[in-house]
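In this text, residue positions in the sequence shown follow the working numbering: the first is 1, and each later residue adds one.
Just below is one structure, and these are the notes that go with it.
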Amino acid sequence: MQALIVIDVQNDFCPGGALAVPEGDAVVDGINALMAEFDAVILTQDWHPAGHSSFASSHDGKEPFGVVEMAYGPQVLWPDHCIQGSVGAQFHPDLASDRADMIVRKGYNPAIDSYSALFENDHETPTGLEGYLRTRRVERLVMCGLALDFCVNFSAVDAARQGFDVEVRRDLCRAIDLDGSLDAALEGMTAAGVRLT
Ligand code: VGL
Ligand code: ZN
């Protein structure tokens, strides 16, 4: 069985959004067209409470895109984004979200960010997606969405480490590219055995 995992195609990651990824909305039509080819379609949704610890506004004297040391390691600080229930947290209006079998929300724990669809940024706390995939007998994953160098990267590497066969459709992703994060992500995914196509 194979699943399409569509990462964070939400208004805040598209042009005009709070944490806009350049050309983020350019992936929507291609992703919609791909959905019919899969046994399962899974969407992830970044879903933060107001005042989340990944927001620069939650740290005195810190600016967005700075870094702080958290209990689980370094954490990039972001502009406030994808706040639960906000328009920015909704899927892009043209994304065929009605076709999803499963929607995984992540980043709801106030003290831990969660880039990956499988584990929070402590690399231990599961989101539950792995169990869903195993019980549906999914072995092969194709991933796409936003942002290639953060949430897609962490999701793909975690899934490969958990033994899934993982392909990332680069053409259906867009990146933030902060201080070389894109090159580092491409290297990390390749090293983890993720196929970039
Ligand atoms: C993401 C930064 C913060 C992403 C989510 O979807 O790549 N990036 N939250
Ligand atoms: Zn986030």
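All C-beta atoms, glycine included, are put in the ideal place defined by N, C-alpha and C.
Owing to the predicted nature of the structure, the values given are computational and were not obtained by experimental measurement.
Touching by the beta-carbon criterion (3+ pairs, under 8 Å), the segment 127-140 and the segment 160-176:
yes
With 8 Å set as the bound, which would you pick, yes or no: does the beta-carbon of M70 sit closer than that to a beta-carbon of chain B?
The chain labelled as chain B is not found in the depicted structure, where only one protein chain is given.
Please list the segments of the beta strand (DSSP E) lying wholly inside the segment 61-145, counting only runs of 3 or more residues, in order along the chain.
67-70, 73-76 and 102-106
Tell me which residues share the same chain as E182 and place their Cβ nearer than 6 Å to its Cβ, disregarding the 5 neighbours each side in the sequence.
Counting from 1 along the sequence shown, the entry for residue 182 is found at position 182. Contrary to the premise, residue 182 reads as Leu rather than Glu in this sequence. Correct list, in chain order: D149 and A175.
N- and C-terminal bounds of the beta strand (DSSP E) containing D46:
Position 46 of the sequence shown, counting from 1, holds the residue named residue 46. Note, D46: beta strand (DSSP E), A40 to D46.
Distance, Cα to Cα, Q2 vs M70?
Indexing the sequence shown from 1 puts residue 2 at position 2. Indexing the sequence shown from 1 puts residue 70 at position 70. Going from the Cα of Q2 to the Cα of M70 covers about 35 Å.
Just the C-alpha distance for E63 and A185, rounded to the nearest angstrom, thanks.
Mapped onto the sequence shown, residue 63 falls at position 63. Mapped onto the sequence shown, residue 185 falls at position 185. So the two alpha carbons sit approximately 23 Å from each other.
Would H52 be called buried (16 or more neighbouring beta carbons within 10 Å of its own) or exposed?
What you label residue 52 is simply residue 52 of the sequence shown in a count that begins at 1. Counting Cβ neighbours within 10 Å, H52 comes out buried, since at least 16 surround it.
V21 and C144 - do their beta-carbons sit closer together than 8 Å?
By one-based count along the sequence shown, residue 144 stands at place 144. By one-based count along the sequence shown, residue 21 stands at place 21. Not closer than 8 Å, so no.
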